[in-house]
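Asks: With this note's numbering applied, the sequence shown closes on residue 572, and no number is skipped along the way. Even glycine gets a Cβ: it sits at the ideal position worked out from N, Cα and C.
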Amino acid sequence: MLGFTAFSNAREAVEAEGVLIGGWSLRRAMWPKTVDGIHDSSQDRVEHVAAIQDWDAAEEAALVRKIDLRVLLPCCIVYFLAYLDRANMGFVNIMQAGTSHSFEESLHLKGTDFNWAVSITYFMVTVLLMPSNLLMKRFGAKKYFPVIMALFGTIVMTMAAVHNYDGLLAARFFLGVPEAGVVPTTIMYFSFWYKPTERAWRIGIFHAANALASGVGGFLAVAIDHLDGRAGLESWRWLFIIEGLLPIIMAVPVYFLLLTFPETSPALTDRERHIAINRFGRGATRSTDVTWEWRAFVAVMKRPSTYVFFVSYICLLIVAVALGTFLPTILKFAKFSSTKANEYTSAVYFAAIVCYAVWSWHSDWTRERMWHYILPAMGAIPCFAVWTYVGSHESFSGIKPISLYGLAFLGNLVSIAQPAALSYRSCTLYGASEQAVGGAIAVASLSIASIIGPQIFPSRDAPWYVPGFSAACSTIAFTIVSFASLPVWLLMEARSRKKKTGHAMPLRAMEDAEHSMISAAAMARLHEQNMIENKVDVEAPKHVEEIPMEGQTKH
18 MLGFTAFSNA REAVEAEGVL IGGWSLRRAM WPKTVDGIHD SSQDRVEHVA AIQDWDAAEE
78 AALVRKIDLR VLLPCCIVYF LAYLDRANMG FVNIMQAGTS HSFEESLHLK GTDFNWAVSI
138 TYFMVTVLLM PSNLLMKRFG AKKYFPVIMA LFGTIVMTMA AVHNYDGLLA ARFFLGVPEA
198 GVVPTTIMYF SFWYKPTERA WRIGIFHAAN ALASGVGGFL AVAIDHLDGR AGLESWRWLF
258 IIEGLLPIIM AVPVYFLLLT FPETSPALTD RERHIAINRF GRGATRSTDV TWEWRAFVAV
318 MKRPSTYVFF VSYICLLIVA VALGTFLPTI LKFAKFSSTK ANEYTSAVYF AAIVCYAVWS
378 WHSDWTRERM WHYILPAMGA IPCFAVWTYV GSHESFSGIK PISLYGLAFL GNLVSIAQPA
438 ALSYRSCTLY GASEQAVGGA IAVASLSIAS IIGPQIFPSR DAPWYVPGFS AACSTIAFTI
498 VSFASLPVWL LMEARSRKKK TGHAMPLRAM EDAEHSMISA AAMARLHEQN MIENKVDVEA
558 PKHVEEIPME GQTKH
């Protein structure tokens, strides 16, 4: 008990400097306030280390709504279309199954050929995660996202022209080039616009676009399967053509919707820009930050928390990717038809959309991340435990296939844990350089998991997949234990910095914050000047306190 008290005291001292540590309070996971009605989470303590606020809640809420429309919505469109193109392999694998027009028969796939065709995309994704973050920071989201949409749409359309395994591998390999820049750059992009207490819900909605793509993809596959033989093409070729064309078309409206950065976006008024920049605390990510710095790279790579998070997250994602890729195949072996397998898979992901929205909103409302990661992971274990039991007996006796399908809703809870994990990680990185490095390493977990995940269900283990299901149980248990240790590692790192430099916050993050802050007084003077130039009667901006310069006294 003394150890926990000592940890709590040390944590609060560090968080008073603006460095997030977090903890394990289960009460905080349910309700965000103390008995006195005060918000007192780790996130609240960190955000109180902020600039002087000269705006009211209504102004900030209006700005956040505008940001949701111009940042969150287009990013969701990008991810929906990217994942629709990436995850369609799970659906094409059972289209026209058992006929000469099936995907495997048309391309003469054998053994683990399909598994590697799924995995190979993520080799390039893994390599290009960090460069994609740097490119987005260099050119801005407004240019970056439409370009990669056009690229991955074009590559998916070319997959309709492949005629053998080698051609499929080549197309899937190059698909990883543009798709490397979807998830990590979006998480980094959000850090420019959203406060830490706003991110989990937005990341949850962003991931809901993933679930929506999986859900819509199943029904699209069922509909497009009826095009088999049209114009002499198999139905799976039509699926690649149609789903590849969509992002090319949608790149245009996405370009006009997206904002650049708070400091430079012409879509913001001066007042909105002032609020957007100054509503963050120290250590925030800003476009004025140094884009790349070896010192930040080395600092992130030296932290134990980097590797603890990486290993924890990769264990969770291996299960999520494996289930997402092979659920239609698993259901088909459970005696469901190809059509039913695709439709039932879609239902699982439509349910996930609601869970993403509600669970991530609750995470932001309570300002809590730890239990919002652990509880969904724990909830998924019964699914894989029962599937392992059934598979080990190689019999459905005593349990109906529809009941096994029902467990898939529990198994998919592993996906619901992702927003809390990414939000937690994003809030423990300080400045653009650390976000580019640490964010890319975190999302590299997804890429590597996407290489490993499809391999845990090889065709030789069909139809019971006992090794895969038992491996899923083990990796989920491990991710729970390792993720729970993160606050300890974060506190050790912060105290080490404090001992060496006198500050728990990384020095570069403090320097970037000082260089980028715009005072309320300076913004008030800019507002007055603009009004005079436009020959409009000047009204003093509300809620503005004159900030004295160093060495002056306040009147």
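Considering only their Cβ atoms, is the gap separating P393 from W378 smaller than 8 Å?
Replies: no
Asks: Using alpha carbons as the reference points, say which of P480, T383, F120, L524 lies closest to E310.
Replies: With distances taken between Cα atoms, E310 lies closest to L524.
Asks: Alpha carbon to alpha carbon, how far is V365 from A12? Give it in angstroms, no decimals.
Replies: No information on residue 12 is available, as it lies outside the stretch 18 to 572 that the chain covers here.
Asks: Here's a check: name, in chain order, each residue in its chain whose Cβ is nearer than 6 Å to the Cβ of G568, leaving out the five neighbours to either side.
Replies: With a pLDDT of only 47 at G568, under 50, the local geometry of the prediction cannot be trusted, and the value read off the model is given with reservation. Excluding positions up to five away in sequence, the list is empty.
Asks: For W255, collect the residues of the same chain with a Cβ closer than 6 Å to its Cβ; drop the 5 residues on either side in sequence, then sort them by chain order.
Replies: Beyond the five residues adjoining it in sequence on each side, W255 comes within less than 6 Å, by CB distance, of I241, L244 in the same chain, given in chain order.
Asks: Figure out for me which residue from G423, T445, M112 has the closest Cα to the Cα of Y361.
Replies: G423
Asks: Under 8 Å, do G198 and Y161 count as touching if we go by C-beta distance?
Replies: Yes, Cβ-Cβ distance for G198 and Y161 is below 8 Å.
Asks: By the three-class DSSP mapping on this structure, what secondary structure does T286 have?
Replies: coil
Asks: Can you name the start and end residues of the alpha helix (DSSP H) that V164 belongs to?
Replies: 158-175
Asks: Here's a check: name, in chain order, each residue in its chain whose Cβ is nearer than 8 Å to the Cβ of S491, leaving out the five neighbours to either side.
Replies: none
Asks: Nearest-angstrom Cα distance between K154 and Y206?
Replies: 8 Å
Asks: How is F278 classed by DSSP in three states: helix, strand or coil?
Replies: coil
Asks: So, for I416: in the same chain, excluding its five sequence neighbours on each side, which residues have a beta-carbon less than 7 Å away from its beta-carbon?
Replies: V407
Asks: Would you mind reading off the limits of the alpha helix (DSSP H) that contains M522?
Replies: Segment: none, M522 is in no alpha helix (DSSP H) and carries neither H nor E.
Asks: For K3, which three-state DSSP category applies?
Replies: The chain is shown from 18 up to 572; residue 3 falls before or after that span and cannot be answered.
Asks: Kindly give me the distance between the Cβ atoms of A501 and M387, rounded to whole angstroms, as I take these residues to be in contact under 8 Å.
Replies: The beta carbons of A501 and M387 sit about 7 Å from each other, so the pair counts as a contact at 8 Å.
Asks: Quick one: Cα of L80 to Cα of R290, how far?
Replies: 9 Å
Asks: Out of S414, L340, G448, P283, point me to the one whose CA is closest to A228's CA.
Replies: L340
Asks: What's the C-alpha gap between V454 and K319?
Replies: Those two C-alpha atoms are separated by around 12 Å.
Asks: So, does the region 157-176 touch the region 127-141, judging by three or more C-beta pairs under 8 Å?
Replies: Under the Cβ criterion (8 Å, minimum of three pairs), the region 157-176 does not count as touching the region 127-141.
Asks: I'd like to check one pair, I497 with I391: are the Cβ atoms closer than 8 Å?
Replies: yes
Asks: Using only CA atoms, which one of T116, A225, L124, V135 lies nearest to A368?
Replies: A225
Asks: Can you check whether the CB of S499 is closer than 8 Å to the CB of P436?
Replies: In this structure, S499 does not lie closer than 8 Å to P436 by Cβ.
Asks: Is A538 helix, strand or coil when you go by DSSP?
Replies: Only weak support is given to the placement of A538: the predicted model assigns it a pLDDT of 47, under 50, and the question is left unresolved by the model.
Asks: Between the C-alpha atoms of G235 and F257, what's the straight-line distance to the nearest angstrom?
Replies: 13 Å
Asks: Kindly indicate which three-state DSSP category T570 falls into: helix, strand or coil?
Replies: Caution is warranted here: a pLDDT of 47 is assigned to T570, below 50, making its placement in the model unreliable, and the coordinate value is therefore given only provisionally. Reduced to three states, the DSSP call for T570 is coil.
Asks: Just to confirm the assignment, what range does the alpha helix (DSSP H) spanning F223 have?
Replies: 213-241
Asks: Measure the C-alpha to C-alpha separation of P345 and A284 and round it to an integer number of angstroms.
Replies: When the Cα atoms are used, P345 and A284 turn out to be separated by approximately 44 Å.
Asks: Do F169 and P148 have their C-beta atoms within less than 8 Å of each other?
Replies: no
Asks: Just mark W382 as buried or exposed, buried being the case when its beta carbon has 16 or more other beta carbons within 10 Å.
Replies: exposed
Asks: Could you pull the start and end residues of the alpha helix (DSSP H) that P436 belongs to?
Replies: 435-444
Asks: Can you tell me the Cα-Cα spacing of N150 and L463, whole angstroms?
Replies: 15 Å
Asks: Specify the secondary structure class of S42 as computed by DSSP and reduced to three states.
Replies: Reduced to three states, the DSSP call for S42 is coil.
Asks: From the DSSP output, in three-state form, read off L80 for me.
Replies: helix
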